[in-house]
Ligand code: MG
């Protein structure tokens, strides 16, 4: 089964930036109820989507104070547990991150390792790619960041 996830968050000065579970030094960060990690949010939706289990907003509503400032790794662990409960597990993950700045090349390997650990996968099965949007649109104006994640899920 294939799952697809997408997420976007606004960027603002003075906020922290966490992507793929990795804190990244930056003057601008995501505005969010949780830690605003678009990569992990898109990953959760991809995992849930593979088994038609709804979306991240249904399971972790941003109106619930439980999730204020929450590490998004909690959401991923919950989604993985839901898959395991049904006898499934992800076999690979492919993520694409779109942001103008900062450059995330120095952090990509750590993101892969963090996501692999959360999903109980070898790092060789986790891909993280990044691109700018050539200064076009909200990502190009550094007003927002978005991520796409696709995953394959198979019976354990
Ligand atoms: Mg989100």
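In our numbering, the protein residues as written are 34 to 189. We put the beta carbon where it would ideally sit given N, CA and C, even for glycine. A quick note: this is a predicted structure, and the numbers were derived from the prediction, not measured.
Residue 40 versus residue 72: straight-line alpha-carbon distance, rounded: 7 Å
Supposed close pair residue 184, residue 36 - CB separation, criterion 8 Å: 5 Å
Assigned exposure category for residue 68 - 16 Cβ within 10 Å defines buried: buried
Cα-Cα separation, residue 113 to residue 155: Approximately 15 Å, taken between the alpha carbons.
Bridge-paired residues (DSSP) for residue 187: 122
Extent of the continuous beta strand (DSSP E) run through residue 63: 61-64
Quiz: which residues have CB nearer than 5 Å to the ligand MG non-hydrogen atoms: 40 and 74
Secondary structure of residue 43, DSSP reduced to three states: strand
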